[in-house]
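Going down the list, the protein sequences come from chains A and B.
This note's numbering numbers the first residue of the first sequence as 1 and each following residue consecutively.
This note's numbering numbers the first residue of the second sequence as 1 and each following residue consecutively.
Yeah, the Cβ is synthetic: ideal placement off N, Cα and C, and Gly gets one too.
Just so you know, these numbers come straight off a predicted model, no measurement behind them.
Protein chains: 2
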Amino acid sequence: MAKIGIKQVAALSGVSIATVSRTLRNPEIVSEKTRQKVNDAVKKAGYKPNKMGSSLRTQESGNIVVIIPDVTDPFNSGIICAIEREAQKLGYSVLLGDTQNDPKRAEQYAEMVEYGQADGILLFSYNLPIDVTPDENGQVNLPPIVNVCESTAYENIHKVMVDDEEGARKATQHLIDLGHKRIAVITGNENTTTNQNRLAGYQKALINAGIELDDRLIMQGNYQIDSGVEQTKKLLLFKDRPTAIFCFCDLMAMGAVKVLHDNGYAVPNDMSVIGFDDIKFAEFTYPAISTVRQPVDEIGKTCMHQLYKLLKDKPAEQYIELKTDLIVRDSTGPAPKG
Amino acid sequence: MAKIGIKQVAALSGVSIATVSRTLRNPEIVSEKTRQKVNDAVKKAGYKPNKMGSSLRTQESGNIVVIIPDVTDPFNSGIICAIEREAQKLGYSVLLGDTQNDPKRAEQYAEMVEYGQADGILLFSYNLPIDVTPDENGQVNLPPIVNVCESTAYENIHKVMVDDEEGARKATQHLIDLGHKRIAVITGNENTTTNQNRLAGYQKALINAGIELDDRLIMQGNYQIDSGVEQTKKLLLFKDRPTAIFCFCDLMAMGAVKVLHDNGYAVPNDMSVIGFDDIKFAEFTYPAISTVRQPVDEIGKTCMHQLYKLLKDKPAEQYIELKTDLIVRDSTGPAPKG
DNA sequence: AGTTTTTCATAAAACGTTTACATAATACTG
DNA sequence: CAGTATTATGTAAACGTTTTATGAAAAACT
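Written as structure tokens, this is what we have:
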């Protein structure tokens, strides 16, 4: 069984290969009659246009690569899922670029566009895996790339962000409203912009409420569940324990709740816990975790659309900021008396 | 700035393009001297070989597509992560094929190899998205594909499976050993092979222990967390409640534990719960969930290696079965007296 | 009928590689 | 040193498309 390419289809339908190609890509410019013939032949032969051939010719791979630290994180996998759905609608395939937090790997993935393996990049990271030193003409030539959630220092790049500061402010305010005064945080990785913004939001809320900042209540986590566990343990050792813990992601909140339970604390009666992200299972833990919802589907959809515009040389907003929602569930409650 | 291709590098280093290509792909067959020249030119020009060009010529995309129902499931994302790591080592990129449980999409992803967009398939599904009706010569020509975890009915295909039956048997036996007699299960999607095998394991363990089967204790779940919630609620309505629940995945176990807590049951004192998979956060819930560990990294690694063999026309084992481990944590305990 | 316009199809030239084959250069043999 | 084996390079033909000229045929005007 000889391999069937466009040539075979052309022969079968008695037209030139150019006509076959046109029938498939620009049906409207070929006459009804020949279109029919060609389509029949395509179907009969079971012709599948070779992607590499067309990619080579059009100089478009039809792929995008999403560079993300860890697919295993439920927040990330939620985003990826949303992206993929949207990418497919727009005719793109997604290459997975799980970096495992390794900048080297991020660079390798980013290079995919230089190699023509991908047309654009969706970047979830605060460090830029591409070179932005200007060339002799002072021009930086960026690949189509949109920076999502985590912001790189490089300004001149399209971004889709979440209002982390406001989100954190709302969470903190929620705790304050419940009467909490000693509110600890377990942060994410120190250098991430999400972390910095959330921290700012937390501090602003406290200041705003006239609560003195206490750096001892700022525990350094890393967005991973174990750090939620570790840091909570440390907090419990304090003589003047906090009455509430704001974790910068739900995963750490899960870890916190776990430690609290393990040590006989009731949540929220003895200690309130609030997370961030609203991952899928936040509502299925016990108690259901109060959190700040990030609009995962919207993030995925938006960043893919932004990238699409760049890919198609259409104008795209330089900066888009999405809003969060405070989701109050059962892990936050009034501050214990005394 | 003209685009730099192999031609420019050839010109720059004063050799033919063939030599450049050889220097890059088969350095050993080109003389030390010219190799030097070429490599210098490559570096100076910042040459990045175009993937589409080479793919077209070699008829290899260098991509594999992993077809999986839902990246958002922590078990799945764990696997994907493992696969990706291994794929990279072997020089392959991974295209994400999240089907959202839609067979249509699975077929589309599978077609990627017909279109030359991917070289092989890693399939996590019990229905086959490719056509296996024999041609005129009675031959089926399969793409390079390995079927993982979930088994399709089609025998003549390479598989990497987990011993689900034994895993389920061990879990059930563990409960039996703790004195439980009324052991409910919350199953996965009815048609999946994993589900059938786990069910078989459960039943065999019971029979083996001389415990009468009670179909009312078999609750139909779907591997999603909400179904753990729903089905557990139903179980609690029974006059003769079970004393233990075996959930066919950890997610459903989380749901079960949640419902139990919400309704005032202590786990494991009033009711034991055991899961399956050992997803990353199983140990961080409260109580930490006892479960049957699937060797996620090994699964990912093994199936990728198997696929690699197929891709390189090397002999590959038709069937590989990996073992599970019983992980006893805190959600299972002795059956309540009386 | 002759001219212009429109529509449709073709031939051929890319796209950027790799590689079979041919040739040139070098090393080895007796 | 001629003759042969070996090694290193170059030439040119693929790989499977899309698309730009280009031309032929058909349709629409004088």
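Rounded to whole angstroms, how far is the Cβ of residue i from the Cβ of residue j, which I believe are closer than 8 Å?
{"i": "I186 of chain A", "j": "M219 of chain A", "result": "5 Å"}
{"i": "K233 of chain A", "j": "G78 of chain A", "result": "Not confirmed; about 28 Å, so no contact."}
{"i": "C249 of chain A", "j": "Y223 of chain A", "result": "5 Å"}
{"i": "T291 of chain A", "j": "D277 of chain A", "result": "6 Å"}
{"i": "N76 of chain A", "j": "I68 of chain A", "result": "5 Å"}
{"i": "N63 of chain A", "j": "Y92 of chain A", "result": "7 Å"}
{"i": "L213 of chain A", "j": "T332 of chain A", "result": "21 Å between Cβ atoms; not a contact."}
{"i": "Y154 of chain A", "j": "L123 of chain A", "result": "Rounded, the Cβ-Cβ distance is 10 Å, inconsistent with contact."}
{"i": "R198 of chain B", "j": "D226 of chain B", "result": "Incorrect: roughly 19 Å between the Cβ atoms, too far for contact."}
{"i": "G53 of chain A", "j": "L56 of chain B", "result": "6 Å"}
Please identify the residue among the options whose C-alpha is closest to the C-alpha of residue i.
{"i": "A41 of chain B", "options": "B:E212, B:D226, B:I4", "result": "B:I4"}
{"i": "D215 of chain A", "options": "A:L322, A:E111, A:I183", "result": "A:I183"}
{"i": "K170 of chain B", "options": "B:V259, B:Q294, B:I320", "result": "B:Q294"}
{"i": "I299 of chain B", "options": "B:V146, B:H180, B:Y223, B:L95", "result": "B:V146"}
{"i": "K239 of chain A", "options": "A:I80, A:L217, A:S227", "result": "A:L217"}
{"i": "C247 of chain B", "options": "B:G179, B:G138, B:T172", "result": "B:T172"}
{"i": "K312 of chain A", "options": "A:F284, A:D102, A:Q100, A:P143", "result": "A:P143"}
{"i": "G116 of chain A", "options": "A:R22, A:L95, A:N191, A:A209", "result": "A:L95"}
{"i": "K51 of chain B", "options": "A:E60, A:P49, A:G46", "result": "A:E60"}
{"i": "E84 of chain B", "options": "A:L326, A:A82, A:G97, A:Q88", "result": "A:G97"}
{"i": "D177 of chain A", "options": "A:V9, A:A335, A:G14", "result": "A:A335"}
{"i": "K7 of chain A", "options": "A:V38, A:I207, A:D330, A:V30", "result": "A:V38"}
{"i": "N195 of chain A", "options": "A:Y265, A:Y126, A:V66, A:L206", "result": "A:Y126"}
{"i": "H180 of chain A", "options": "A:K104, A:A205, A:E150", "result": "A:A205"}
{"i": "E321 of chain B", "options": "B:D330, B:K159, B:S21, B:G201", "result": "B:K159"}
{"i": "T152 of chain B", "options": "B:K337, B:T192, B:Q139", "result": "B:T192"}
{"i": "L316 of chain A", "options": "A:H261, A:I327, A:C303", "result": "Checking the sequence, you will find Ala at residue 316 of chain A rather than Leu. When only C-alpha atoms are compared, the closest one is A:C303."}
{"i": "V328 of chain B", "options": "B:M252, B:V273, B:G188", "result": "B:V273"}
{"i": "G46 of chain A", "options": "A:S21, A:V9, A:E114", "result": "A:V9"}
{"i": "Y202 of chain A", "options": "A:K337, A:I245, A:N189", "result": "A:I245"}
{"i": "I121 of chain A", "options": "A:K43, A:V65, A:D131", "result": "A:V65"}
{"i": "N101 of chain A", "options": "B:D102, B:E107, B:C81", "result": "B:C81"}
Around the Cβ of residue i, are there at least 16 other Cβ atoms within 10 angstroms (buried) or fewer (exposed)?
{"i": "Q231 of chain B", "result": "buried"}
{"i": "N156 of chain B", "result": "exposed"}
{"i": "L345 of chain B", "result": "Residue 345 of chain B is absent from the structure shown; chain B starts at 1 and stops at 338."}
{"i": "S16 of chain B", "result": "exposed"}
{"i": "P268 of chain A", "result": "buried"}
{"i": "T19 of chain A", "result": "buried"}
{"i": "S166 of chain B", "result": "Note on residue identity: the sequence assigns Glu, not Ser, to residue 166 of chain B. Counting Cβ neighbours within 10 Å, E166 of chain B comes out buried, since at least 16 surround it."}
{"i": "K323 of chain B", "result": "exposed"}
{"i": "Y319 of chain A", "result": "exposed"}
{"i": "Q306 of chain A", "result": "buried"}
{"i": "K314 of chain A", "result": "exposed"}
{"i": "D119 of chain B", "result": "buried"}
{"i": "I207 of chain A", "result": "exposed"}
{"i": "R25 of chain B", "result": "exposed"}
{"i": "T23 of chain B", "result": "buried"}
{"i": "T72 of chain A", "result": "buried"}
{"i": "I29 of chain B", "result": "exposed"}
{"i": "R35 of chain A", "result": "buried"}
{"i": "R105 of chain A", "result": "buried"}
{"i": "T243 of chain B", "result": "buried"}
{"i": "L90 of chain B", "result": "exposed"}
Item to complete: Identify every run of the alpha helix (DSSP H) within the segment 210-239 of chain A, keeping only runs that are complete inside it and at least 4 residues long; order them along the chain.
Response: 225-237
Practice prompt. Output, in sequence order along the chain, the residues in the segment 84-99 of chain B whose CB is closer than 7 Å to any CB in chain A.
Written response: E84, S93, V94, L95, L96, D98
Worksheet item: Going along the chain, which unbroken runs of the alpha helix (DSSP H) with 4 or more residues stay wholly within the segment 250-274 of chain A?
Response: 250-262
Fill in: Residues from the segment 152-176 of chain A in contact with chain B, defined by Cβ distance under 8 Å
none
Worksheet entry | Short-range partners of chain A found in the segment 282-308 of chain B, where Cβ spacing is below 7 Å | F284, T285, Y286
Practice prompt. Please go through the segment 137-209 of chain A and give each complete alpha helix (DSSP H) segment of 4 or more residues, from N-terminal end onward.
Written response: 164-177, 193-208
Practice prompt. May I have a chain-ordered list of the alpha helix (DSSP H) segments no shorter than 4 residues that lie completely inside the segment 281-327 of chain B?
Written response: 296-311
Worksheet item: Which of the residues in the segment 65-81 of chain B, read from start to end, lie with their CB under 9 Å from any CB of chain A?
Response: V65, V66, D70, V71, T72, D73, P74, N76, S77, G78, I80, C81
Practice prompt. Anything in the segment 306-335 of chain A with a Cβ closer than 8 Å to a Cβ of chain B? List those residues in chain order, please.
Written response: none
Practice prompt. Note down, in chain order, all residues in the segment 50-61 of chain B with a beta-carbon under 7 Å from any beta-carbon belonging to chain A.
Written response: N50, K51, M52, G53, S55, L56, S61
Worksheet item: Listed from N- to C-terminal order along the chain, which residues in the segment 206-240 of chain A have their beta-carbon within a distance smaller than 9 Å of any beta-carbon of chain B?
Response: I225, D226, G228, V229
Worksheet item: For the segment 238-269 of chain B, which residues have a CB atom closer than 8 Å to at least one CB atom of chain A, in sequence order?
Response: L251, M254, G255, V257, K258, H261, D262
Item to complete: Name, going along the chain, the residues of the segment 113-140 of chain A whose beta-carbon falls closer than 8 Å to a beta-carbon of chain B.
Response: E114, Y115, G116, Q117, D135
Worksheet item: For the segment 38-113 of chain A, which segments carrying the alpha helix (DSSP H) assignment without a break, of at least 4 residues, lie completely within its bounds, in sequence order?
Response: 51-58, 74-89
Discussion item. Can you pull out the residues from the segment 21-51 of chain A whose beta carbon lies closer than 7 Å to at least one beta carbon of chain B?
Written reply: K48, P49, N50, K51
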